[in-house]
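**Q** Supplied in structure tokens, the structure appears directly below.
Protein chains: 2
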Amino acid sequence: MATFNVELRRVVDDSYEIETGFCLQEKLVEDIKNSLVGNITKFAVVTDSIVKELYADDIAARLRSEGYTADVFSFEAGETSKTRATKEFVEDSMLEKGYRRDCCIIAVGGGVVTDLAGFVAGTFGRGVPFINYATTLLAAADASVGGKTAVDTPLATNLIGLFNQPRKVYIDIAAWKTLPERQLRSGLAETVKHACIKSRELFDYLDGHMDEILRIDKTACEHIAGENCAIKYSVVMKDERESGLREILNLGHTVGRAIETVSGYRLLHGEALSIGLAAEVKLAKRLGYMTDEECEKVVSLLGKAGLPVSIPDYIDREQLVAKLYTDKKVKNGQLRFVVQKGIGDVVEFSEGVFAVKISEDIAREIISEM
Amino acid sequence: MATFNVELRRVVDDSYEIETGFCLQEKLVEDIKNSLVGNITKFAVVTDSIVKELYADDIAARLRSEGYTADVFSFEAGETSKTRATKEFVEDSMLEKGYRRDCCIIAVGGGVVTDLAGFVAGTFGRGVPFINYATTLLAAADASVGGKTAVDTPLATNLIGLFNQPRKVYIDIAAWKTLPERQLRSGLAETVKHACIKSRELFDYLDGHMDEILRIDKTACEHIAGENCAIKYSVVMKDERESGLREILNLGHTVGRAIETVSGYRLLHGEALSIGLAAEVKLAKRLGYMTDEECEKVVSLLGKAGLPVSIPDYIDREQLVAKLYTDKKVKNGQLRFVVQKGIGDVVEFSEGVFAVKISEDIAREIISEM
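From first to last, the protein sequence lines are chains V and Z.
So the number in my numbering is just where the residue sits in the first sequence, counting from 1, plus 2.
So the number in my numbering is just where the residue sits in the second sequence, counting from 1, plus 2.
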């Protein structure tokens, strides 16, 4: 018997910059020319069928006109595309076009595109660099900080993926104007969630400026984009691997993700999350951590954003309860929930523990009330 | 326009231990009881249809008898199983059985199993810990150090995967006795490669002790298992991300991987690699880095190990030449080869550059001579 020690202790620096502004295509190309990803000359622009013509084709053309190789790889828009099959399709398309390890992926689109493309980048040739060009508010809130990438499977959402940090994130607020109103409203759910867990100030700002936000006022949108980054960053920085604190970002997602799946993606992610947040305040109230008035304020803000706060009739309640068990926070077969405390805070149940076991009966009751 | 800096500089420690010996099943369970992977209680034992009954079922039973949850997830043995479809099958089977982020994967088997299971572990729930229990010489040489995991695609081998370090590696030499002789011989190819690139001493040891090795003599096998680790470690440590030096581990693989694919996996990985190594010495001789005598010594050692050194007739030479371009080392459409220098060394073409452009004509000529 012999042992051999493999010493792999080293410093890793995955730092990167998030740039928020209007129309950042030119800046992106400029940054690449200034060695954002070293001397790489091949760029796979990954996007969806909607964003392709709006942004991706243009970005690829700009890159080609600067002498780079750039191809657009596009898949059908929508959450149902966030699958291993789409990942495989993008990989095979890239391989067919001759892309190998010496390329960089540029994700251009919303949360589905950035989640999927970041995952592709993480496993293509065992990892190539990637850049996120976020065109939706949801992607700005979700994909800008945290490095979470994933696809869905029939049995659970976001369970197959990896942590992978982009080289840079661009948040193009001008792109929000191209969003259907329903998508824009859906994107606000993550921002409301950030306010609920961390910032009464942001909550009040959203409450007072919803009109400006919905008409894409530059100042208001830059403000919420910045607050999203700052809040998520403050959480993720303290807990990059999602062991404890980072679970607070799951507020509303236990029920939300389950509804999203059971709805067969008839509900957008933010819509499902909004219902999940409304369920969470009921839970928080029941556990004594929120007042009636605070609960109503949250539900009212979600309503102002035009988001649903009750479970649609077509959702089978029992199927929904069963689906809760596919949540990533489930441990030893027990449901676990993050619990909001007032507005702008969450409950820390013991040191570093931000999720608490909830019986199936309580979960069922809350769901039946909605 | 506003920018936000995400600072993600931190110390990562992926150090682990490789333990070599006879029958290490009990030691594995002992280590788990002693918190090898913390307080995890659920173990997904991933294996293939051959190793299942020989080792995996037994390991799972031992874990269950200690109060752990353990299930065996098995797929059909063979390189053709190293696909995204098999990865998906293992993931879905684990999800169905209720496995979530709070589990550990134990890969029990040869190189295909450890490559695939390590990849599954890297993306299951965005990463769960894994342990390699290597039952073949090839896995001992290949999977023990380096953290490379991957699957093959129709267009290229090992191009989809990631770097993922195991928590511990067990090299069970007793398991080599269960290998069909062809598999054992195949496994020796990586060891010969290690000798060729780094150690004249190991080369001479193999030359002088081939009989003992082939009859699984404990001392001889422990020696080569240890040397494999030491050589691979010395390379990988200096270049964890395969930017330069690590490419020397690809000696023989440019042609080898291509032959393996074109053969439709009629050739085992080690057999294909052996032919690749024989091709490489021809290339090295042609470029003036090896003498006739040195070339013959390498070819003779491969022969002693019972490995093929010429391309089978059923391989289409032109298809093989075309397939070379799917190699990971290809840059800007140019074939690149690692070149052996005498025995136990490789050519460093300029500082940190260990692969050189080779014209398609030269590659075709060498292939046609074999």
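By construction, the Cβ of each residue, glycine as well, lies at the ideal position given by its N, Cα and C atoms.
Quick one, which of V:S302, V:K234 and V:D219 has its alpha-carbon nearest K179 of chain V's?
**A** Selected option, being the one with the closest Cα: V:D219.
**Q** Which runs of the beta strand (DSSP E) at least 3 residues long sit entirely within the stretch 133-204 of chain V? Give them in chain order.
**A** As far as the stretch 133-204 of chain V is concerned, its whole beta strand (DSSP E) runs of at least 3 residues are 150-155, 158-165 and 170-174.
**Q** Which word fits D174 of chain Z, buried or exposed, when buried means at least 16 other C-beta atoms lie within 10 angstroms of its C-beta?
**A** So D174 of chain Z counts as buried.
**Q** Does I368 of chain Z get closer than 8 Å to chain V when you measure Cβ to Cβ?
**A** No, because no Cβ of chain V sits closer than 8 Å to the Cβ of I368 of chain Z.
**Q** Is it true that the CB of A141 of chain V sits closer than 8 Å to the CB of H196 of chain V?
**A** In this structure, A141 of chain V does not lie closer than 8 Å to H196 of chain V by Cβ.
**Q** Which term fits F351 of chain Z, buried or exposed, when burial requires 16 or more other beta carbons within 10 angstroms of its beta carbon?
**A** That one is exposed.
**Q** For V74 of chain V, count the other beta carbons within 10 Å of its own beta carbon; 16 or more makes it buried, fewer makes it exposed. Which is it?
**A** V74 of chain V comes out buried.
**Q** Distance, Cα to Cα, L303 of chain V vs R248 of chain Z?
**A** Roughly 55 Å separates the two Cα atoms.
**Q** Which residues, taken in chain order from the stretch 212-239 of chain Z, show a beta carbon closer than 9 Å to some beta carbon of chain V?
**A** Answer set for the stretch 212-239 of chain Z: E224, A227, G228, C231, A232, Y235, V238 and M239.
**Q** Can you find the residues in the same chain that come closer than 7 Å, C-beta to C-beta, to G127 of chain Z, ignoring five residues on each side of it along the sequence?
**A** The answer, listed in chain order, is R102 and R103.
**Q** With a cut-off of 8 Å on the beta carbons, I'd call G163 of chain V and T138 of chain V a contact; round off their distance for me.
**A** Contact doesn't hold; Cβ gap of about 19 Å is too wide.
**Q** Examine the Cβ distances between the stretch 47-54 of chain V and the stretch 226-234 of chain V and report whether three or more of them are shorter than 8 Å.
**A** Result no; under three Cβ-Cβ pairs closer than 8 Å.
**Q** Would you kindly check if the distance between the Cβ of S146 of chain Z and the Cβ of I20 of chain Z is under 8 Å?
**A** It is a contact, given that the beta carbons lie within the stated cut-off.
**Q** Using a Cβ-Cβ cut-off of less than 9 Å, list which residues of the stretch 324-338 of chain Z approach chain V; keep chain order.
**A** Those would be Y327, T328, D329, K330, K331, V332, K333, N334 and G335, in chain order.
**Q** A46 of chain Z bridges to which residues according to DSSP?
**A** Paired residues: Z:D73 and Z:I107.
**Q** Using the three-state DSSP reduction, which class does T293 of chain Z fall into: helix, strand or coil?
**A** If DSSP states are grouped into helix, strand and coil, T293 of chain Z belongs with coil.
**Q** Strictly below 8 Å CB to CB, what residues from chain V border F126 of chain Z?
**A** Ordered by position in chain V, the residues that pass the 8 Å Cβ test against F126 of chain Z are L161 and I162.
**Q** Check whether chain Z comes within 8 Å of E2 of chain V, counting only Cβ atoms and requiring the distance to be less than that.
**A** This structure does not reach residue 2 of chain V, given that chain V is present from 3 up to 372, and the question cannot be answered.
**Q** With a threshold of 8 Å, are at least 3 pairs of Cβ atoms found where one atom belongs to the stretch 36-43 of chain V and the other to the stretch 187-196 of chain V?
**A** Short answer: they don't touch.
**Q** Assign D15 of chain V to one of three DSSP states: helix, strand, or coil.
**A** Residue state, collapsed to three classes: strand.
**Q** Are the C-beta of E28 of chain V and some C-beta of chain Z separated by less than 8 Å?
**A** Not one chain Z Cβ lies under 8 Å of E28 of chain V.
**Q** Indicate whether the contact test is met: 3 or more Cβ pairs, each with one atom in the stretch 257-268 of chain V and one in the stretch 325-343 of chain V, closer than 8 Å.
**A** Result yes; three or more Cβ-Cβ pairs closer than 8 Å.
**Q** Could you have a look at I20 of chain Z and say whether DSSP puts it in helix, strand or coil?
**A** Strand at I20 of chain Z.
**Q** Hey, does E93 of chain V have any beta-carbon neighbour from chain Z nearer than 8 Å?
**A** True, the Cβ-Cβ gap to chain Z drops below 8 Å.
**Q** Enumerated in chain order, which unbroken segments of the alpha helix (DSSP H) with a length of 4 residues or greater are wholly contained in the stretch 76-101 of chain V?
**A** Correct list: 86-98.
**Q** Specify, as a first and last residue, the run of the alpha helix (DSSP H) that A4 of chain Z falls within.
**A** That residue, A4 of chain Z, is in no alpha helix (DSSP H); its beta strand (DSSP E) goes A4 to V8.
**Q** Given this structure, state the Cα-to-Cα distance separating D318 of chain Z from A123 of chain Z, to the nearest angstrom.
**A** When rounded, the distance between both Cα atoms is 37 Å.
**Q** Please give me, in chain order, every unbroken run of the alpha helix (DSSP H) with length at least 4 that falls completely inside the stretch 295-355 of chain V.
**A** Within the stretch 295-355 of chain V, the complete alpha helix (DSSP H) runs of at least 4 residues are 319-325.
**Q** Kindly indicate which three-state DSSP category V257 of chain Z falls into: helix, strand or coil?
**A** Residue state, collapsed to three classes: helix.
**Q** Using DSSP's beta-bridge definition, name the partner residues of F126 of chain V.
**A** Answer by DSSP bridge pairing, in chain order: Z:I162.
**Q** Within 10 Å of its beta-carbon, does A72 of chain V have 16 or more other beta-carbons around it, so buried, or fewer, so exposed?
**A** Counting Cβ neighbours within 10 Å, A72 of chain V comes out buried, since at least 16 surround it.
**Q** Can you give the Cα-Cα distance for S83 of chain V and E90 of chain V, rounded to whole angstroms?
**A** Whole-angstrom Cα-Cα distance: 11 Å.
**Q** Between which two residues does the alpha helix (DSSP H) carrying I34 of chain Z extend?
**A** From DSSP, the alpha helix (DSSP H) with I34 of chain Z extends over Q27 to K35.
**Q** Using alpha carbons as the reference points, say which of Z:D15, Z:S76, Z:L65 and Z:D209 lies closest to E28 of chain Z.
**A** E28 of chain Z has its Cα closest to that of Z:L65, out of Z:D15, Z:S76, Z:L65 and Z:D209.
**Q** What are the residues in the stretch 12-38 of chain Z lying within 9 Å of chain V by C-beta distance?
**A** Listed in sequence order: R12, V13, V14, D15, D16, S17, Y18, E19, I20, E21, T22, G23, F24, L26 and K29.
**Q** What residue range does the alpha helix (DSSP H) around I385 of chain Z cover?
**A** With chain Z covering 3 to 372 only, the question about residue 385 of chain Z has no answer from this structure.
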